[in-house]
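Chains A and B supply the protein sequences, listed in that same order.
Note that my numbering has the first sequence beginning at 312, numbered continuously upward.
Note that my numbering has the second sequence beginning at 312, numbered continuously upward.
Below is one structure, written out as structure tokens, with a few remarks after it.
Number of protein chains: 2
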Amino acid sequence: MKISELATKSQINAKTIRYYEQVGLLSAPQRASNGYRHYQPGDVDTLIFIRRCRELNIPLDDIKRLVEVQADPNASCAVVDKIIAEQLAQVQRAQRELALLEQSLQTLASCSGEQVDQCTILHKLKAP
Amino acid sequence: MKISELATKSQINAKTIRYYEQVGLLSAPQRASNGYRHYQPGDVDTLIFIRRCRELNIPLDDIKRLVEVQADPNASCAVVDKIIAEQLAQVQRAQRELALLEQSLQTLASCSGEQVDQCTILHKLKAP
DNA sequence: TATTGACCTTCCAGTCGCTGTAACCTTTAG
DNA sequence: CTAAAGGTTACAGCGACTGGAAGGTCAATA
């Protein structure tokens, strides 16, 4: 199939698919005589897998390793475990940071329409 | 004062200060005869203000508007209000997304050391 | 047959907020 | 005199795309 069909089936932008090939996440497909990329049905599965990983915010480098590990049936899945655990830890870290951020923003409250020299938000931003 | 003194006092990297000038967040300072940037004491306050905003994850473009608004005492602080409210909304949105992400990652659980063809994580990633 | 329009190709630039590096000049201390 | 520390510019890279330009290819229609 051509790239747009793969894009539709995998729900990944054709441009992004080319990008994945460029950075080595996706292996280069065969080319037709006109230079068009020609993909196999299995590529749909690979891309859907990649998309699910991206939805979990897993970095492309890690996804690359996950794809490689799948190609080697003798590999230990400790690698997989580690990547997911680290991703989880990172998400939890980000959550804690955002919670603090939210608190700080909320203490600024709103100052509803006065002039800037009396703006309570700006006041607090200058000397918190 | 020279840039490194400003950097120390404002707790912002000298490189970052030059970058802020480059993108128009900070106005260009006077130059000494040797070409060195020469800053006024007030610049410390401006940069501290900028740093506080950045700690709240406020984008540079928005900070730019906050700085401009402060220079104009007749401006309404509705602008300020809006920027902070949007920032808060965005942080809350990000938090909700991360919470979903965390859930998804946790359902993957760990598969502790089997071989990849039986890896429960990879299984779930292929068909969630 | 000519041409339109959809699709494909490559390459380059931009996003955001810095940070690293290189190459060079000036000042200060020993 | 020399070396270290600090200043200057310009350019590249990060991550994960996305947009655009400029051009080749293909199928259908006037």
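The beta-carbon is built from N, C-alpha and C at its ideal position, and this holds for glycine as well.
- Checking the DSSP bridge columns, you'll see Gln426 (chain B) partnered with A:Ser387.
- Rounded to the nearest angstrom, the gap between the Cα atoms of Asp383 (chain A) and Gln403 (chain A) is 31 Å.
- At a C-beta separation below 7 Å, Lys437 (chain A) has these neighbours in chain B: Phe360.
- Contact between Leu371 (chain A) and Tyr350 (chain A) does not hold, since the beta-carbon distance rounds to 19 Å and is not under 8 Å.
- Contact check for Thr418 (chain B) against Glu425 (chain B) fails: the beta carbons are separated by 9 Å or more.
- Per DSSP, Lys435 (chain B) is one residue of the alpha helix (DSSP H) stretching across 431-437.
- When the Cα atoms are used, Cys388 (chain B) and Ile369 (chain B) turn out to be separated by approximately 16 Å.
- Secondary structure note for Val380 (chain A): its alpha helix (DSSP H) is the uninterrupted segment 371-382.
- Per the C-alpha coordinates, the member of A:Val355, A:Ser421, A:Leu336 positioned closest to Gln322 (chain A) is A:Val355.
- Counting the other Cβ atoms within 10 Å of the Cβ of Tyr331 (chain B) gives 16 or more, which makes it buried.
- When C-alpha distances from Arg362 (chain B) are compared across B:Asn324, B:Ile394, B:Gly346, B:Ser338, the shortest belongs to B:Asn324.
- Within the same chain, Cβ atoms closer than 7 Å to the Cβ of Val334 (chain B) are found at Leu371, the five residues on either side in sequence being excluded.
- Per DSSP, the continuous alpha helix (DSSP H) segment holding Ser321 (chain B) begins and ends at 314-321.
- Taking each of A:Ala410, A:Leu377, A:Gln381 in turn and checking the Cα distance to Ile394 (chain A), the smallest one comes out for A:Leu377.
- Comparing alpha-carbon positions, the option among B:Asn345, B:Gly346, B:Pro340 lying closest to Thr357 (chain B) turns out to be B:Pro340.
- Its chain contains Lys313, Ile314 as the residues whose beta carbon lies nearer than 8 Å to that of Tyr347 (chain B), once the 5 sequence neighbours on both sides are disregarded; these appear in chain order.
- Considering only beta carbons, the part of the stretch 387-412 of chain B lying closer than 8 Å to chain A consists of Ser387, Cys388, Ala389, Val391, Asp392, Ile395, Ala396, Gln398, Leu399, Val402, Gln403, Ala405, Gln406, Leu409, Ala410, Leu412, in chain order.
- In the DSSP assignment, Ala339 (chain A) falls outside any alpha helix (DSSP H), carrying neither H nor E.
- Among the bridge pairs identified by DSSP, Arg348 (chain A) is matched with A:Arg342.
- In this structure, Leu416 (chain A) lies near Leu399 (chain B), with their beta-carbon atoms less than 9 Å apart.
- Of the candidates A:Leu409, A:Gln429, A:Glu408, A:Ala396, A:Ala396 places its Cα closest to the Cα of Ser423 (chain B).
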